[in-house]
Amino acid sequence: MTERPNEDANRGPSLVIINATFTAIATLIVILRIIARAFILKKPGLDDAMIVAATILAILNVVVSGLGVTHGTGKHTWALNPSDAVPAAKLRFITHIIYVLASGSIKISISLLYLRLFPTLRGPTLATIGSITAMTTAIFLATIFQCSPLDAVYNPRKYAHAACLDAVAFWSATAALYLLTDVWVLVLPVPTILGLQASRRKRLVLTALLSLGAFACIASIARMVYIVRLYQGVDQSWHSVDVSIWSGVELALGIVAASVPSLRPVLDQLAPGLLSSVGRSHHYESGGADQRRMAGPFHEDISLVRLTGKG
137 MTERPNEDAN RGPSLVIINA TFTAIATLIV ILRIIARAFI LKKPGLDDAM IVAATILAIL
197 NVVVSGLGVT HGTGKHTWAL NPSDAVPAAK LRFITHIIYV LASGSIKISI SLLYLRLFPT
257 LRGPTLATIG SITAMTTAIF LATIFQCSPL DAVYNPRKYA HAACLDAVAF WSATAALYLL
317 TDVWVLVLPV PTILGLQASR RKRLVLTALL SLGAFACIAS IARMVYIVRL YQGVDQSWHS
377 VDVSIWSGVE LALGIVAASV PSLRPVLDQL APGLLSSVGR SHHYESGGAD QRRMAGPFHE
437 DISLVRLTGK G
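As structure tokens, then:
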């Protein structure tokens with residue numbers, strides 16, 4: 137007879153700490169972004185509104201996940217108080233819905249940023265926004281109505297004969313779609329960026345920005361692996377922690393990646409000598425060509441402001 141793991145084990149606190157930490161960092165970055173866009177430049181855009189919505193949803197995800205921990209999320213299923221089983225499953229269901237909306241909002245925000253920074257990508261970017269909106273709407277509705285009756289998704293024992301989508305197939309397919317769209321949004325501007333004449337310093341900045349997006353993609357892959365494991369097993373209250381952690385990390389990294397390009401104005405206020413010294417250094421390297429060619433949408437964004445100069 138196989139012994140069950142320690143019934144006193146609880147991964148809930150680690151879930152709360154990790155998600156709260158990453159989300160707090162993302163929230164701080166977004167606050168700086170809004171200061172830059174709305175109060176310094178006085179040019180807030182729809183991309184800013186979408187990232188604020190995503191941040192609110194990410195914070196809500198932390199709150200709902202924390203409530204789930206109070207009902208046993210992070211403990212083994214057989215160690216749960218019977219009265220906590222349904223509330224815990226219901227809160228996990230709510231976090232799935234939050235993730236769908238937050239992930240879609242982040243991708244749309246990044247795509248709207250591309251519209252502002254890369255006018256030549258208008259056609260592909262608009263098509264991307266339309267596709268992400270349609271995908272997010274479809275997955276949102278499928279998540280809510282995956283079972284008939286609806287309550288069966290978080291109370292399967294009461295509705296033993298309910299008609300539900302195959303959870304493993306459904307969540308595997310949606311996770312794969314999220315990963316594909318993450319990669320697409322990440323690589324969409326790369327040909328345009330590579331075509332810019334930029335110095336090594338500027339390319340390093342771009343590499344850092346793209347790396348944040350790449351890490352979000354890695355988090356998406358990890359989430360996909362763990363979500364299959366979650367629905368293939370029986371110990372959902374224990375294994376759901378992995379899905380929740382990687383979901384929270386992915387959302388936070390996506391929010392940061394979407395916001396970093398807009399931080400230059402506020403960084404100029406906080407450290408006025410830092411970026412200007414970089415600019416002066418490159419000005420002398422290029423014989424002043426950067427300054428003559430600095431006009432355009434890049435002027436309002438960190439370091440991307442000078443990408444149109446010769447490197």
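In our numbering, the protein residues as written are 137 to 447.
We put the CB at the ideal spot given by N, CA and C, even for glycine.
Expected contact under 8 Å - CB spacing of residue i and residue j to nearest Å
i, j, result
"Val289", "Phe229", "6 Å"
"Ile154", "Gly384", "7 Å"
"Val321", "Ser247", "6 Å"
"Ala394", "Leu237", "About 15 Å separates the two Cβ atoms, so there is no contact after all."
"Ser213", "Trp374", "The identity of residue 213 in the sequence shown is Thr, whereas the question assumes Ser. Correct: roughly 7 Å between the Cβ atoms."
"Ile242", "Gly390", "4 Å"
Environment of residue i [buried if 16+ CB atoms lie within 10 Å]
i, result
"Ser347", "exposed"
"Lys178", "exposed"
"Phe158", "buried"
"Lys294", "exposed"
"Ala388", "buried"
"Ser239", "buried"
"Val396", "buried"
"Ile329", "buried"
"Gln282", "buried"
"Asn217", "exposed"
"Tyr420", "For Tyr420, the predicted model reports a pLDDT of 39, less than 50, meaning its position is unreliable; a value from the coordinates is still stated below. Its Cβ having fewer than 16 others within 10 Å, Tyr420 is exposed."
"Asp302", "exposed"
"Leu262", "exposed"
"Thr206", "exposed"
"Val370", "exposed"
"Gly208", "buried"
"Arg258", "exposed"
Enclosing alpha helix (DSSP H) for residue i [first to last residue]
i, result
"Pro180", "Careful: Pro180 lies outside any alpha helix (DSSP H) and carries neither H nor E."
"Trp382", "Gln372 to Ser395"
"Pro149", "Gly148 to Ile170"
"Val289", "Note, Val289: premise wrong, no alpha helix (DSSP H); not H, not E."
"Ala263", "Arg258 to Ile280"
"Ser245", "Ala221 to Leu253"
"Trp320", "Ala303 to Val323"
"Pro401", "Arg400 to Leu406"
"Leu330", "Val326 to Leu330"
Backbone CA spacing between residue i and residue j [nearest angstrom]
i, j, result
"Ser417", "Ile165", "In this prediction, Ser417 has a pLDDT of 46, which is less than 50 and means its spatial position is unreliable; nothing more can be read from the coordinates."
"Trp291", "Ala225", "Trp is not the amino acid found at residue 291; the sequence shown has Asn there. Distance between the alpha carbons of Asn291 and Ala225: 8 Å."
"His297", "Thr279", "19 Å"
"Val364", "Ala311", "9 Å"
"Tyr319", "Thr272", "What sits at residue 319 in the sequence shown is Val, not Tyr. Going by the C-alpha atoms only, they are around 16 Å apart."
"Gln405", "Pro255", "28 Å"
"Ala274", "Ser267", "11 Å"
"Phe434", "Leu253", "Any reading at Phe434 needs caution, since the residue's pLDDT is 48, under 50, leaving its predicted position unreliable; the model's value is listed next. Phe434 and Leu253: Cα-Cα distance of roughly 6 Å."
"Pro223", "Pro260", "43 Å"
"Gly349", "Gln368", "29 Å"
"Leu277", "Ala407", "46 Å"
"Arg147", "Ala174", "40 Å"
"Val392", "Ser398", "10 Å"
"Asp144", "Asp220", "16 Å"
"Ser356", "Pro285", "30 Å"
"Leu313", "Ile354", "14 Å"
"Ser376", "Val199", "16 Å"
"Gln372", "Thr264", "34 Å"
"Tyr362", "Glu386", "13 Å"
"Leu196", "Gly331", "40 Å"
Beta-carbon spacing of residue i, residue j below 9 Å
i, j, result
"Ala402", "Ala185", "It should be pointed out that residue 402 corresponds to Val in this sequence rather than to Ala. Contact: no."
"Ala162", "Ala194", "yes"
"Pro149", "Gly210", "yes"
"Thr269", "Ile244", "yes"
"Leu182", "Ser380", "no"
"Ile167", "Pro180", "no"
"Leu324", "Met360", "no"
"Gly202", "Ala160", "no"
"Ala352", "Asp378", "no"
Cutoff 9 Å: residue i Cβ touching any chain C Cβ
i, result
"Leu322", "Going by chain labels, chain C is absent from the structure shown, which holds only one protein chain."
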